[in-house]
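S.K.: Here the sequence shown is numbered in the UniProt record's numbering, starting from 1 and rising by one per residue. Glycine included, every Cβ here is placed at the ideal spot set by N, Cα and C. After the C-alpha cells below, expect a handful of questions from me.
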Amino acid sequence: MMGVHHLSDTDGLQQLLRKLRSLSLFHTEVGLRETSAILHATIINKIPVGSSFTQALEESKEELNKAFDMTHAFERQQAALYTLTWLCKALVVRGAQNQHEWTAKMQKLLGDANLGLEAAHSFDVILKDHEYALRPETFANIRLLYKQRYFEGVVGPLVDMFHQSEGSTKHNSLLALSSLLSSLPYLILNAHIEKLLPVLLQGITCGESALTESTVCTLATILKQSVLHAAPYTSMLIAMLVPLTVNHPLIVRMKALECLEAIASLPTSTVLPYKEDVIRGLRNALNDKKRVTRKVAASARCSWILVGAPGSNSV
Numbered sequence: 001m002m003g004v005h006h007l008s009d010t011d012g013l014q015q016l017l018r019k020l021r022s023l024s025l026f027h028t029e030v031g032l033r034e035t036s037a038i039l040h041a042t043i044i045n046k047i048p049v050g051s052s053f054t055q056a057l058e059e060s061k062e063e064l065n066k067a068f069d070m071t072h073a074f075e076r077q078q079a080a081l082y083t084l085t086w087l088c089k090a091l092v093v094r095g096a097q098n099q100h101e102w103t104a105k106m107q108k109l110l111g112d113a114n115l116g117l118e119a120a121h122s123f124d125v126i127l128k129d130h131e132y133a134l135r136p137e138t139f140a141n142i143r144l145l146y147k148q149r150y151f152e153g154v155v156g157p158l159v160d161m162f163h164q165s166e167g168s169t170k171h172n173s174l175l176a177l178s179s180l181l182s183s184l185p186y187l188i189l190n191a192h193i194e195k196l197l198p199v200l201l202q203g204i205t206c207g208e209s210a211l212t213e214s215t216v217c218t219l220a221t222i223l224k225q226s227v228l229h230a231a232p233y234t235s236m237l238i239a240m241l242v243p244l245t246v247n248h249p250l251i252v253r254m255k256a257l258e259c260l261e262a263i264a265s266l267p268t269s270t271v272l273p274y275k276e277d278v279i280r281g282l283r284n285a286l287n288d289k290k291r292v293t294r295k296v297a298a299s300a301r302c303s304w305i306l307v308g309a310p311g312s313n314s315v
C-alpha cells in the first residue's frame, strides 16, 4: 500500500479500511495498532475525491467518535487519538478541503482531562516527516506548501486558546503550538513572529523539559533571522535565557547562548542596560564541561562585551 500510486474505488477497499480501523482501535498489541493506523492513513491519502473517499471519512468519523466516547476505556481512547492523528496527517498532506473539520477535533481534545496532553504531543506528528509513510518516495498524495497552509489555519485558534484558557488546557495549547513550530521553516514563522513571541516566552518557563527544549530551539531560529521583533521583550528574554545556559541539557544550553548572542545585536540603547548582568551571568557557561558549549559561550560573551563599544550598533 505504501508504494501504490493510486487506489481504485472498490468495495474491497472499504472492507480493508474497516479491518485496519478495527486493528488500530482494538488490537492488544500497541505496535500492530500503530502500524494499522499508519496504513489506514496511507490509503485515505491516496483515495481519489469522490463517493469512496467520502464514505471512508464518514465511517472513520463514526467509529472514532464511538471510541472517544468510551470514557472507561482509556486505552481505546488513546488508540483512537493515534488513528485520528494519522488520519489528520493524511488529509493535511494531500490538502483535502475537509481537513479543518478533523484538525478542529484534535484542537478540541486539548481541553480533555484525560487525553489533552497526548493530543498536544500528537500535533508533532502532523507536520514532521515520517521515515517511510506519506512521503514522495512512497508516492503519497502531497500538495505543494501543505505545511504552510495547515499552519496558517491552526496558528490563530491555538494562540487564541492559549490566551483564553487556564490550567492544563493553556499548557496543552502551548505544547501543541511548540510541537508544530519545530517542523516549520523560518519563512513561515516570520509571518507570525509578533503573535508567536509572547507565547514562546511562556514555553521557556513552563517547567516541562521537552517543551522548553523545543521552544528555545525555535526561538533561536527566529532571533538569528529577525531579532528586531524581540526588542520589546528584551528584559524578559534575558531573565529567562541566562539561567538556561547552565544545569540544562546540552541543546538547551547551546540554543540559549545562541539566543543571547543574537539579542546582543539589538540597538545599543535597547541592550546596554543589561550588558553587565549578561556578562556576569555567562561566567559559569565559560566553564561548561562541554568544549562546544564553552566556545558558544565565549562568542556570546564577546558579543555582549562589544555592546556600546565604538563602531557598535548604536541607536
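1) What are the boundary residues of the alpha helix (DSSP H) that valine 227 is part of?
2) Are the CB atoms of alanine 37 and alanine 67 within a distance shorter than 9 Å?
3) Using the three-state DSSP reduction, which class does asparagine 98 fall into: helix, strand or coil?
4) Closest to valine 159 by C-alpha separation, out of Glu101, Glu194, Tyr132, Met254, would be which residue?
5) Can you grab the Cα-Cα spacing for the pair asparagine 141 / glycine 167, in whole Å?
6) Let's test the definition: count the other Cβ atoms within 10 Å of the Cβ of histidine 163 and tell me whether it reaches 16, buried, or not, exposed.
7) Roughly how many angstroms lie between the CA atoms of leucine 32 and glycine 207, to the nearest whole one?
8) Only counting the same chain, and skipping five residues up and downstream in sequence, which positions put a Cβ closer than 6 Å to that of alanine 262?
9) Taking Cβ positions, are leucine 16 and isoleucine 44 nearer each other than 9 Å?
10) Do phenylalanine 127 and phenylalanine 151 have their C-beta atoms closer together than 9 Å?
11) Threshold first: 4 residues or longer. Then list the alpha helix (DSSP H) segments lying entirely within the segment 213 to 275, N to C.
12) Need the endpoints of the alpha helix (DSSP H) that serine 36 sits in, please.
13) Looking only at C-alpha atoms, which of Gly95, Thr71, Trp102, Ala96 sits nearest to threonine 83?
14) Roughly how far, in whole angstroms, is the beta-carbon of serine 183 from the beta-carbon of alanine 120, given that I think they are within contact range, below 8 Å?
15) Assign leucine 20 to one of three DSSP states: helix, strand, or coil.
16) Under a three-way DSSP split, which group does cysteine 206 fall into?
17) By DSSP, does threonine 103 sit in helix, in strand, or in coil?
18) With burial defined as no fewer than 16 other Cβ atoms inside 10 Å of the residue's Cβ, what is the status of glutamine 107: buried or exposed?
19) In terms of residue numbering, what span does the alpha helix (DSSP H) encompassing tyrosine 150 cover?
20) Indicate the three-state DSSP secondary structure (helix, strand or coil) for arginine 301 in the structure shown.
21) With a Cβ-Cβ cutoff of 9 Å, do valine 278 and alanine 264 count as a contact?
22) Would you mind giving the Cβ-Cβ distance between isoleucine 251 and glutamate 213, rounded to the nearest angstrom? I have them listed as a contact below 8 Å.
23) Apart from the five residues on each side of it in sequence, which residues of its chain come closer than 8 Å, Cβ to Cβ, to valine 93?
24) Could you compute how far the alpha carbon of leucine 117 sits from the alpha carbon of leucine 306?
25) In three-state terms, what does DSSP make of glycine 12?
26) Put threonine 293 into one of helix, strand or coil per three-state DSSP.
M.R.: So, from the data block:
1) Your numbering for residue 227 matches position 227 in the sequence shown. Premise fails: valine 227 is in no alpha helix (DSSP H) and is neither H nor E.
2) Here residue 67 refers to the residue found at position 67 of the sequence shown. Here residue 37 refers to the residue found at position 37 of the sequence shown. No; because the gap between Cβ atoms is not below 9 Å, this pair is not in contact.
3) Here residue 98 corresponds to residue number 98 of the sequence shown, with the count starting at 1. Looking at asparagine 98 - three-state DSSP - the assignment turns out to be coil, as it is neither helix nor strand.
4) Here residue 159 corresponds to residue number 159 of the sequence shown, with the count starting at 1. Ranking Glu101, Glu194, Tyr132, Met254 by Cα distance to valine 159 puts Glu194 first.
5) On the sequence shown, position 141 is the one that residue 141 refers to. On the sequence shown, position 167 is the one that residue 167 refers to. If you take the alpha carbons of asparagine 141 and glycine 167, they lie about 39 Å apart.
6) Working through the sequence shown from its first residue, we reach residue 163 at position 163. By the neighbour-count rule (16 or more Cβ atoms within 10 Å), histidine 163 is not buried but exposed.
7) On the sequence shown, position 32 is the one that residue 32 refers to. On the sequence shown, position 207 is the one that residue 207 refers to. In a straight line, the C-alpha of leucine 32 is about 34 Å away from that of glycine 207.
8) Counting from one through the sequence shown, the residue named residue 262 turns up at place 262. If we look at alanine 262 and ignore the five residues flanking it on each side, its Cβ neighbours are Leu223, Lys224, Val227.
9) Taking the sequence shown and counting its residues from 1, one reaches residue 16 at position 16. Taking the sequence shown and counting its residues from 1, one reaches residue 44 at position 44. No, these two residues do not count as a Cβ contact at 9 Å.
10) As a working note, residue 127 is residue 127 in the sequence shown. As a working note, residue 151 is residue 151 in the sequence shown. The identity of residue 127 in the sequence shown is leucine, whereas the question assumes phenylalanine. Yes, they are a contact pair.
11) 234 to 244, 250 to 263, 268 to 271
12) Walking along the sequence shown from the start, residue 36 turns up at place 36. Serine 36 -> alpha helix (DSSP H) spans 30 to 46.
13) In the sequence shown, residue 83 corresponds to position 83, counting from 1. Among Gly95, Thr71, Trp102, Ala96, the Cα nearest to that of threonine 83 belongs to Trp102.
14) Taking the first residue of the sequence shown as 1, we reach residue 183 at position 183. Taking the first residue of the sequence shown as 1, we reach residue 120 at position 120. No, serine 183 and alanine 120 are not in contact; Cβ-Cβ is about 15 Å, not under 8 Å.
15) The sequence position of residue 20 within the sequence shown is 20, counting from 1. Here leucine 20 sits in helix by DSSP.
16) Within the sequence shown, residue 206 is the residue found at index 206, counting from 1. In the structure shown, cysteine 206 sits in coil (DSSP, three-state: anything other than H, G, I, E or B).
17) The count along the sequence shown starts at 1 and reaches residue 103 at position 103. Helix at threonine 103.
18) For the purposes of this step, residue 107 is taken as the residue at position 107 of the sequence shown. Label assigned to glutamine 107: buried.
19) On the sequence shown, residue 150 is found 150 positions in, with the first residue counted as 1. Note, tyrosine 150: alpha helix (DSSP H), 146 to 164.
20) Within the sequence shown, residue 301 is the residue found at index 301, counting from 1. It is helical.
21) In the sequence shown, counting from the first residue as 1, residue 278 sits at position 278. In the sequence shown, counting from the first residue as 1, residue 264 sits at position 264. Contact: yes.
22) Locating residue 251 in the sequence shown gives position 251, counting from the first residue. Locating residue 213 in the sequence shown gives position 213, counting from the first residue. Isoleucine 251 to glutamate 213, Cβ: 6 Å. Contact.
23) Taking the sequence shown and counting its residues from 1, one reaches residue 93 at position 93. These residues qualify, in order along the chain: Asn45, Leu134, Ala140, Asn141, Ile142, Arg143, Tyr146.
24) On the sequence shown, position 117 is the one that residue 117 refers to. On the sequence shown, position 306 is the one that residue 306 refers to. About 44 Å.
25) As a working note, residue 12 is residue 12 in the sequence shown. It is helical.
26) Your numbering for residue 293 matches position 293 in the sequence shown. The answer is helix: DSSP assigns threonine 293 an H, G or I state.
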